[in-house]
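Novice: Could you have a look at this structure, given as structure tokens, before my questions?
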Amino acid sequence: MRRIRYSFAVLALIAALVPGASGQVRISAQVDTNGDIYVGDNFRFHVVITGSDKPGQVDLEPLRRYNPQSIGNSRETSSVNFNTPTTRMIMSYSLRASEIGQIRLPSLTVVIDGKTYRTNPVNVNVVKPGTTDRLDIEMALSEQRCFAGQPVLLTVKFYYSADIRNSQFNVPALRSDAFYFESPDVGNQQAEEYDLGTGATVLVSKSNEIHNGRQSILITLRKILIPKTAGRIEIEPAVVSTDVAVGRVQSRSLFGSQVRYQRFMVESEPLELTVLPLPEESKPAQFYGLVGRYTIEASATPTQVSVGDPITLTIRIGGGTYLKPVRWPALEQVPDLAANFKIPSQKASPAIAGGVKVFTQTIRANNDNVTEIPSVPLAYFDAEKGKYATVQSEPIKLDVAPTKILTNADLEGADFAPVNREVEAIKKGLSANYENLDVLKDMSFSPLAALANPVYAAIWALPLLTFISSVVAKLLTSTSPEKVAIRRRRQACGRAIAQLKKMASADSDRRGELLVSIMKQYIGDRFDKTAGSLTPDDCYDAITAATADEQNAGKYRETIADFEAGRYASMEVNVTAERIREIVQLVRAVEKNCGK
7 MRRIRYSFAV LALIAALVPG ASGQVRISAQ VDTNGDIYVG DNFRFHVVIT GSDKPGQVDL
67 EPLRRYNPQS IGNSRETSSV NFNTPTTRMI MSYSLRASEI GQIRLPSLTV VIDGKTYRTN
127 PVNVNVVKPG TTDRLDIEMA LSEQRCFAGQ PVLLTVKFYY SADIRNSQFN VPALRSDAFY
187 FESPDVGNQQ AEEYDLGTGA TVLVSKSNEI HNGRQSILIT LRKILIPKTA GRIEIEPAVV
247 STDVAVGRVQ SRSLFGSQVR YQRFMVESEP LELTVLPLPE ESKPAQFYGL VGRYTIEASA
307 TPTQVSVGDP ITLTIRIGGG TYLKPVRWPA LEQVPDLAAN FKIPSQKASP AIAGGVKVFT
367 QTIRANNDNV TEIPSVPLAY FDAEKGKYAT VQSEPIKLDV APTKILTNAD LEGADFAPVN
427 REVEAIKKGL SANYENLDVL KDMSFSPLAA LANPVYAAIW ALPLLTFISS VVAKLLTSTS
487 PEKVAIRRRR QACGRAIAQL KKMASADSDR RGELLVSIMK QYIGDRFDKT AGSLTPDDCY
547 DAITAATADE QNAGKYRETI ADFEAGRYAS MEVNVTAERI REIVQLVRAV EKNCGK
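Count along the sequence shown from 1, add 6, and you get the number used in our numbering.
The following block contains the structure:
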């Protein structure tokens, strides 16, 4: 991270010294190398756009083998020697280190405002973590041989008997195009869905076990794999890499000593799944690959209609636990349905609820001889019996009436009679009452008269006054990103000190976490950083770059590192009133130096 910050500073210096550089857009690529990068771990890759505050369109295809995942964008503004501020857009991605040794990340294409740019290639050194007998991992399949389309349960068990942190799971099978994926139905109420960070989710449970003679914690990952096609599928090993506590080191900090962690990795054995093809003999015409046991039901509403009226047909398919491969029933391939009903080609998306997959379609009877909606078949392969089966929904009775053709008499009514004489008599009677032109009143409209009329003046003046008031209010309260940033920097110290003084009322077990959050938020507000991603070294770099005060910057870094170490190492952290006062003085000292 420090290397990246230094690189950003160099870019800002170039922008300030080179004439006209501020109007140019430059693209570069950086890798977060704050510590070693281990095989199987995720690391951060940044596309840095200097001279523009807009994110670009990055072609990530050259990085596909590293499973790129976006982790957000951030914007930074800096100024060197009071020159024109330079804006940088930082687009960050997570990549997975899949091989050991020196790897070269290729140049990427970035499009900004219709113009195409290219990043520089980046070299990354990936090392292999150590191994320890306090970690173990096992991977298993519920079946070694299955049919195409048959669900198989994948189980990964990770055992550890040490203090660990920052664990990363890599299960290649969950990224394979050879399978459909479903969540298993387990009775463990403690199991929860967990995102592995690659877009794949698994069902995770935690328990205590005796493993290899040691009291261990067991983390179990489960996922249903449904092979799409026949063949032999090689399943790569599952890998877990994690930081393991290996001892303590002496420190000058308030805690006396800190836990020392080292990166370790554990890898399972690879697996092989043999997927058998489904037999061609006795295969039903409607079969499209379902394996298991299924049921089908149908309902319709309304059932008393006229020809052409819409009928909502609902089909529910269940029985199997894993319903992802279930497709839309082919209604147009049912002869009686196709002959007697109009079936639209548009289909609504199905929904899964209550253990069934629900399909809804609107159909219309095209003649009044229809007496029912025929059965809808569903074919599947029963893996336990080793043969095909077909189930059908029950037919639905209908009462279809012929469509009535409307005549002119239907439209006019049976008792239609002319009324012209009566109308004319009424008109004559009305007009006969007034014959003198004096009863007429001049209703013509004059714009000039309306301006002088108090009633009209109120009508046109109110919108005008409202518009003028809104313009004045906008001018008085207008702001800009630069003003917002300045106000945030100016208020950063006061806000941080106020929050620190309120910490005495917080729970004692949360004070360390709150203190770290407040100190990072101060650095983020004061130096235009993203507080959530700051490390102790980032805080040190920000303070020294702004104040050149390495002593207070070192104290700031050491304080955050000490409290974070206490939290991760499960140590008792006692945040006393005296310590809070010391940190308040430290924040004030940093703020004072910033104001020079």
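Using N, Cα and C, we set each Cβ at its ideal position, and we do this for glycine too.
Closest to residue 368 by C-alpha separation, out of 202, 362, 343 and 388, would be which residue?
Specialist: Here residue 368 refers to the residue found at position 362 of the sequence shown. The shortest Cα separation from residue 368 among 202, 362, 343 and 388 belongs to 343.
Novice: Report buried or exposed for residue 478, applying the criterion of at least 16 other Cβ atoms within 10 angstroms of its Cβ.
Specialist: If you number the sequence shown from 1, residue 478 lands on position 472. Burial call: exposed.
Novice: Residue 594 by DSSP, collapsed to three states: which one?
Specialist: The count along the sequence shown starts at 1 and reaches residue 594 at position 588. Three-state result, residue 594: helix.
Novice: Within the same chain, show all residues whose beta-carbon is closer than 8 Å to that of residue 408, passing over the 5 residues directly before and after it, in chain order.
Specialist: What you label residue 408 is simply residue 402 of the sequence shown in a count that begins at 1. Excluding sequence neighbours, residue 408 sits near 312, 313 and 374.
Novice: Between 329, 325, 351 and 469, which has its C-alpha nearest residue 336's C-alpha?
Specialist: Within the sequence shown, the letter at position 330 stands for residue 336. Among 329, 325, 351 and 469, the Cα nearest to that of residue 336 is on 351.
Novice: Should residue 82 be labelled buried (16 or more other beta-carbon atoms within 10 Å of its own) or exposed?
Specialist: Numbered from its first residue, the sequence shown carries residue 82 at position 76. Buried, by the Cβ-count rule.
Novice: Under three-state DSSP, which class holds residue 307?
Specialist: As a working note, residue 307 is residue 301 in the sequence shown. DSSP places residue 307 in strand when its eight states are reduced to three.
Novice: Does the segment 154-169 touch the segment 218-229, meaning 3 or more C-beta pairs lie closer than 8 Å?
Specialist: As far as the Cβ criterion goes, the segment 218-229 touches the segment 154-169, which means the pair count is three or higher.
Novice: Going along the chain, which unbroken runs of the alpha helix (DSSP H) with 4 or more residues stay wholly within the segment 346-420?
Specialist: Counting only runs of 4 or more, we get 414-418.
Novice: Apart from the five residues just before and just after residue 520, which ones in its own chain have a Cβ nearer than 7 Å to its Cβ?
Specialist: As a position in the sequence shown, residue 520 is number 514, starting the count at 1. Contacts found: 509 and 512.
Novice: Determine whether the beta carbon atoms of residue 300 and residue 386 lie at a separation below 8 Å.
Specialist: Along the sequence shown, read from residue 1 onward, the residue named residue 300 stands at position 294. Along the sequence shown, read from residue 1 onward, the residue named residue 386 stands at position 380. Cβ atoms of residue 300 and residue 386: closer than 8 Å.
Novice: Buried or exposed: residue 616, going by 16 or more other Cβ atoms within 10 Å of its Cβ?
Specialist: There is simply no residue 616 to check, as the chain begins at 7 and stops at 602 in what is shown.
Novice: Tell me whether the beta-carbon of residue 333 lies closer than 8 Å to the beta-carbon of residue 135.
Specialist: Position 327 of the sequence shown, counting from 1, holds the residue named residue 333. Position 129 of the sequence shown, counting from 1, holds the residue named residue 135. No, they are not a contact pair.
Novice: May I have the straight-line CA-CA distance separating residue 382 from residue 183, to the nearest angstrom?
Specialist: For the purposes of this step, residue 382 is taken as residue 376 along the sequence shown, with counting starting at 1. For the purposes of this step, residue 183 is taken as residue 177 along the sequence shown, with counting starting at 1. So the two alpha carbons sit approximately 32 Å from each other.
Novice: Please classify residue 587: is it buried, with 16 or more other beta-carbons within 10 angstroms of its beta-carbon, or exposed?
Specialist: For this step, residue 587 is matched to residue 581 along the sequence shown. It counts as exposed.
Novice: At 3 residues or longer, and completely inside the segment 100-162: list those beta strand (DSSP E) runs for me, N to C.
Specialist: The qualifying runs are 107-111, 115-118, 121-124, 128-133, 141-147 and 151-153.
Novice: Kindly confirm or deny that the segment 91-105 and the segment 38-57 touch, where touching means at least three C-beta pairs closer than 8 Å.
Specialist: Verdict: yes, contact present.
Novice: Taking C-alpha atoms, which residue in 223, 226 and 185 lies nearest to residue 232?
Specialist: Start at 1 with the first residue of the sequence shown, and residue 232 comes out as number 226. Of the listed residues, the one whose Cα sits closest to residue 232 is 185.
Novice: Do residue 590 and residue 518 have their C-beta atoms closer together than 8 Å?
Specialist: The residue labelled residue 590 in the question sits at position 584 within the sequence shown. The residue labelled residue 518 in the question sits at position 512 within the sequence shown. Taking 8 Å as the Cβ cut-off, residue 590 and residue 518 do not qualify as a contacting pair.
Novice: Check whether the Cβ of residue 387 sits closer than 7 Å to any heavy atom of the ligand ADP, and report yes or no.
Specialist: The ligand ADP is absent from the structure shown, which contains no ligand whatsoever.
Novice: Can you tell me which of the three DSSP states residue 171 falls into?
Specialist: As a working mapping, residue 171 is identified with position 165 in the sequence shown. Residue state, collapsed to three classes: strand.
Novice: Out of 180, 267, 235 and 79, state which residue places its alpha-carbon closest to the alpha-carbon of residue 153.
Specialist: By 1-based counting over the sequence shown, the position of residue 153 is 147. Closest by alpha carbon: 235.
Novice: Taking 8 Å as the cut-off, does the segment 62-70 touch the segment 142-159 (at least 3 CB pairs, one atom from each stretch)?
Specialist: Verdict: no, contact absent.
Novice: Can you tell which of 302, 570, 222 and 272 has the C-alpha that lies nearest to the C-alpha of residue 399?
Specialist: On the sequence shown, position 393 is the one that residue 399 refers to. Of the candidates 302, 570, 222 and 272, the one whose C-alpha sits nearest the C-alpha of residue 399 is 302.
Novice: Could you have a look at residue 569 and say whether DSSP puts it in helix, strand or coil?
Specialist: Along the sequence shown, one-based indexing puts residue 569 at 563. Of the three classes helix, strand and coil, the one that applies to residue 569 here is helix, per DSSP.
Novice: Would you decide whether residue 422 is buried or exposed? Buried here means 16 or more other CB atoms lie within 10 Å of its CB.
Specialist: Taking the first residue of the sequence shown as position 1, residue 422 is located at position 416. Since pLDDT at residue 422 reaches only 48, below the 50 mark, its modelled position is unreliable, and the value read off the structure follows with that caveat. When all chains shown are included, residue 422 counts as exposed.
Novice: Could you please give the first and the last residue of the uninterrupted beta strand (DSSP E) stretch that includes residue 316?
Specialist: Along the sequence shown, one-based indexing puts residue 316 at 310. Unbroken beta strand (DSSP E) run through residue 316: 316-324.
Novice: If you measure between the beta carbons of residue 241 and residue 179, is that distance less than 8 Å?
Specialist: Working through the sequence shown from its first residue, we reach residue 241 at position 235. Working through the sequence shown from its first residue, we reach residue 179 at position 173. Yes, the Cβ-Cβ distance between residue 241 and residue 179 is below 8 Å.
Novice: For residue 472, which residues does DSSP report across the bridge?
Specialist: By 1-based counting over the sequence shown, the position of residue 472 is 466. Beta-bridge pairing links residue 472 to no other residue.
Novice: Once you ignore the five residues that flank residue 248 on each side, which residues in its own chain have a CB closer than 6 Å to its CB?
Specialist: Here the question's residue 248 lines up with position 242 in the sequence shown. Around residue 248: 170 and 173.
Novice: Per DSSP, what are the beta-bridge partners of residue 233 in this structure?
Specialist: To locate residue 233, count along the sequence shown from 1; it is residue 227. BP columns for residue 233 point to 185.
Novice: Would residue 554 and residue 533 qualify as a contact pair, given that the criterion is a beta-carbon distance under 8 Å?
Specialist: As a working mapping, residue 554 is identified with position 548 in the sequence shown. As a working mapping, residue 533 is identified with position 527 in the sequence shown. Taking 8 Å as the Cβ cut-off, residue 554 and residue 533 do not qualify as a contacting pair.
Novice: Judging by CA-CA distance, which residue of 47, 328, 538 and 401 is the nearest neighbour of residue 105?
Specialist: Residue mapping note: residue 105 aligns to position 99 of the sequence shown, counting from 1. It is 47 whose Cα lies nearest to the Cα of residue 105.
Novice: If residue 2 and residue 545 are in contact, beta carbons under 8 Å, what's the gap, nearest whole angstrom?
Specialist: Any question about residue 2 goes unanswered here, given that the chain covers just 7 to 602.
Novice: Does the distance from the CB of residue 150 to the CB of residue 129 come in under 8 Å?
Specialist: Stepping through the sequence shown from its first residue, residue 150 is reached at position 144. Stepping through the sequence shown from its first residue, residue 129 is reached at position 123. For residue 150 and residue 129, no; Cβs fall outside 8 Å.
Novice: So, is the C-beta of residue 208 closer than 8 Å to a C-beta in chain C?
Specialist: Absence of chain C from the displayed structure is noted, only one protein chain being present.
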